[in-house]
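Numbering (the UniProt record's numbering), first residue to last: 1 to 310.
No residue lacks a Cβ here, since even glycine has one placed at the ideal position from N, Cα and C.
Source: prediction; values computed, not measured.
Step one of this worksheet: look at the structure below.
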């Protein structure tokens, strides 16, 4: 039996020196083999790697994961697959760091599921995705889940197979009921009043300072979620809208059940017909959380409110 061509190691590092040494070695090994290399990590870490690489940084695609991957649900289609699918004639190397200490608890569940789903999305591909984990600053339970989502673990001393690898357990563990909001406005909808869902979200968004293209993004996201409820969720749904700190939250629930774990995470060729609803939702939102089970699905989307300068 041939070995799986896709590899997905978790790099357990301690401090900047270990981080830079391991990531730069990974990048230079790829460049020496003339392999395409991309780096998507938080801005501070991106600057560390760029400084270490010097002129070699010009040969690498460098992305700030805090922007490109602010919603973990968009990382596979818009970051990892976007790069790998442009280089299908050889092996591809990517450093992706979707989990960092400043991630909120609300964001972490989506990021952990993302790490698990990478294995399904890239199975059979000639791709290596190295995922750094700050072993000093991340919580022990985060590091334990890294052992479940990565078949290989490594540090500066070498690499070893994870004895606990079971990514499906992480997907299931974070598919749980979402906390109830304290205060919200809501509307039940079907085909007769779908447009009212957009208006409801738009009113609350405008009150929070959203305008222009971002206001359009919110309305489009809500429209796609509503259309999904009509087509796949029993023909009707419930929308709830509220503010959570400096985030607008829009939640759509219905009687559907999402059985495909990669729905909304596959890039879609614009020349091909097919549903783009949840892909659009992932691409436009700042965070997406999902709870799904037979007979009930809740999709909650978050949008960061504009600051005073905006």
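For the 8 Å CB-CB criterion, residue 98 and residue 111 form a contact.
Nearest to residue 178 by C-alpha distance, out of 10, 18 and 301, is 301.
Under a 10 Å Cβ-count criterion, residue 213 is classified as exposed, with fewer than 16 other Cβ atoms of the shown protein chains found around its own Cβ. Setting aside the 5 residues that flank it on each side, residue 6 is surrounded in the same chain by 122, 123, 124, 125 and 127, each with a C-beta closer than 7 Å to its C-beta; the list follows chain order. In the DSSP annotation of this structure, residue 76 is not part of any beta strand (DSSP E), being labelled neither H nor E. Spatial neighbours of residue 223 in its own chain (CB-CB distance under 7 Å, excluding positions within 5 residues in sequence) are listed in chain order as 198.
Per DSSP, residue 63 lies in no alpha helix (DSSP H); the unbroken beta strand (DSSP E) holding it starts and ends at 61–64.
Between residue 69 and residue 289, the C-beta gap is not smaller than 8 Å, which leaves the two residues out of contact. Residue 161 and residue 95 have their C-alpha atoms roughly 19 Å apart.
Put simply, of 156, 236 and 175 the residue whose alpha carbon is nearest the alpha carbon of residue 193 is 236. In the three-state reduction of the DSSP assignment, residue 178 falls in the coil class, being assigned neither a helical nor a strand state. For residue 15 and residue 89, the gap between their C-alpha atoms comes out near 36 Å. Excluding residues up to 5 positions away in sequence, 10 and 133 lie with their Cβ nearer than 6 Å to the Cβ of residue 146 in the same chain. Taking the CA atoms as reference points, residue 187 sits about 6 Å from residue 238. Straight through space, the alpha carbons of residue 218 and residue 202 are spaced by roughly 7 Å. Judged by beta-carbon spacing, residue 13 lies within the 8 Å limit of residue 22, meaning their Cβ atoms are closer than that value.
Between the region 40–50 and the region 58–69 there are three or more C-beta pairs closer than 8 Å, enough to call the two in contact. Residue 81 counts as buried, since no fewer than 16 other beta carbons sit within 10 angstroms of its beta carbon. Between residue 299 and residue 249, the CB-CB gap reaches or exceeds 8 Å. Excluding sequence positions up to five before and after residue 166, its CB lies within less than 8 Å of the CB of 148, all in the same chain and listed in chain order. When rounded, the separation of the alpha-carbon atoms in residue 229 and residue 183 is 23 Å. DSSP places residue 10 in the strand class (E or B) of the three-state scheme.
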